[in-house]
Amino acid sequence: ELKVEQNPLFLSMQEGKNYTIYCNYSTTSDRLYWYRQDPGKSLESLFVLLSNGAVKQEGRLMASLDTKARLSTLHITAAVHDLSATYFCAVDMIEDSNYQLIWGAGTKLIIKP
Amino acid sequence: DAGITQSPRHKVTETGTPVTLRCHQTENHRYMYWYRQDPGHGLRLIHYSYGVKDTDKGEVSDGYSVSRSKTEDFLLTLESATSSQTSVYFCAISGPSFQETQYFGPGTRLLVL
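Protein chains in written order, with the working numbering: chain A, 118 to 230; chain B, 3 to 115.
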């Protein structure tokens, strides 16, 4: 059974600081996704990581994937208040011809001015 | 934003009553998904569809049924709602293959009293 664990689950930080969110998964997978969710809103796709060593960057967010370690990181550089949200990672699982994404519990990020 | 709408957006119902949630897309994507989101659980897949009249169960399908009679519509039915089904329900779409990024609808908040 594929399990996806995120840590921390809650993070409060100051503007201007750097921090990293971690996403570990328990079995081999082809793809890893990062999403953002603002309070009371839907989920917005941020990144899809397709292979070992993949790195993608958008503004102050950078995501990377190490398939050997079964680990993805979402790094926040010089955080700003607008990045306050809950961040989810999700991993592909294909089992017995069934496909689904398995989701982490989410990391709630609060960035204080 | 992907053209996905959900209806109703909010619903309060009583235990034992049937409830149907609708997801409508204008993107002509093949794959459609129903998730529920609960605190501490991330998203969990209820059912998904890989074409008209082609559906399959997800991780938490008990107590739910789905139907897809047209490409653009995917219905989720709670045959006899229970308080444990109080949740936020999200529809998602992807295509042309199942391993494409999923795009989410605005969500439906369901309260079962």
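C-beta: ideal position from N, C-alpha, C; glycine also. Keep in mind that this is a model prediction, so the values were computed, not measured.
Which two residues bound the contiguous beta strand (DSSP E) that contains residue i?
i: A/Ser162; result: Leu160 to Leu166
i: B/Gly24; result: Note on identity: in this sequence residue 24 of chain B is Arg, with Gly being the wrong assignment. B/Arg24 -> beta strand (DSSP E) spans Val21 to Gln27.
i: B/Asn30; result: Where B/Asn30 is concerned, there is no enclosing beta strand (DSSP E), given that its DSSP letter is neither H nor E.
i: B/Leu77; result: Asp75 to Leu80
i: A/Lys225; result: Thr224 to Lys229
i: B/Val68; result: Tyr66 to Lys72
i: A/Ala207; result: Ala202 to Glu212
i: B/Leu115; result: Premise fails: B/Leu115 is in no beta strand (DSSP E) and is neither H nor E.
i: A/Ser129; result: Phe127 to Gln131
i: A/Ser143; result: Counting along the chain, A/Ser143 falls outside any beta strand (DSSP E), and DSSP gives it neither H nor E.
i: B/Leu47; result: Gly44 to Gly53
i: B/Thr7; result: Ile6 to Ser9
One question on the structure: do residue i and residue j come within less than 8 Å of each other, judged by their Cβ atoms?
i: A/Leu167; j: A/Cys206; result: no
i: B/Leu77; j: B/Val21; result: no
i: B/Arg70; j: B/Lys55; result: yes
i: A/Gln217; j: B/Leu47; result: yes
i: A/Pro156; j: A/His198; result: no
i: B/Gln8; j: B/Ser89; result: no
i: A/Phe142; j: A/Val121; result: The question names Phe, yet the displayed sequence has Tyr at residue 142 of chain A. Cβ atoms of A/Tyr142 and A/Val121: closer than 8 Å.
i: A/Ile228; j: A/Leu191; result: no
i: B/Asp58; j: B/Tyr50; result: yes
i: A/Ala222; j: B/Gly42; result: yes
i: A/Ser189; j: A/Leu200; result: no
i: B/Thr17; j: B/Ser85; result: yes
Within 10 angstroms of its Cβ, does residue i collect 16 or more other Cβ (buried), or is it exposed?
i: A/Asp209; result: buried
i: A/Phe127; result: exposed
i: A/Gly170; result: exposed
i: A/Val172; result: exposed
i: B/Val14; result: exposed
i: A/Gly176; result: exposed
i: A/Gln174; result: exposed
Return the residue from the list the options that minimises the CA-CA distance to residue i.
i: A/Ala186; options: A/Met130, A/Phe127, A/Tyr136 and A/Cys140; result: A/Cys140
i: A/Thr232; options: A/Tyr204, A/Met179, A/Thr184 and A/Pro156; result: Outside the modelled stretch of chain A, which goes from 118 to 230, sits residue 232 of chain A, for which no answer is possible.
i: B/Leu23; options: B/Asp58, B/Val68 and B/Lys59; result: B/Val68
i: A/Gln123; options: B/Gly44, B/His26, B/Ser9 and B/Arg11; result: B/Gly44
i: B/Tyr37; options: B/Val62, B/Lys72, B/Glu16 and B/Asn30; result: B/Val62
i: A/Phe164; options: B/Ser85, B/Gln104 and B/Gly18; result: B/Gln104
i: A/Thr224; options: A/Pro125, A/Glu118 and A/Leu119; result: A/Pro125
i: A/Ile211; options: B/Asn30, B/Gly18 and B/Gly60; result: B/Gly60
i: A/Asp147; options: A/Met130, A/Leu119, A/Asn135 and A/Ser159; result: A/Leu119
i: A/Ser159; options: B/Leu115, B/Phe100, B/Gly97 and B/Tyr91; result: B/Tyr91
Please check the pair residue i and residue j, which I expect to be a contact at CB under 8 Å, by giving their CB distance rounded to whole angstroms.
i: B/Gly5; j: B/Thr28; result: 3 Å
i: B/Ala94; j: B/Gly107; result: 7 Å
i: B/His26; j: B/Glu74; result: 6 Å
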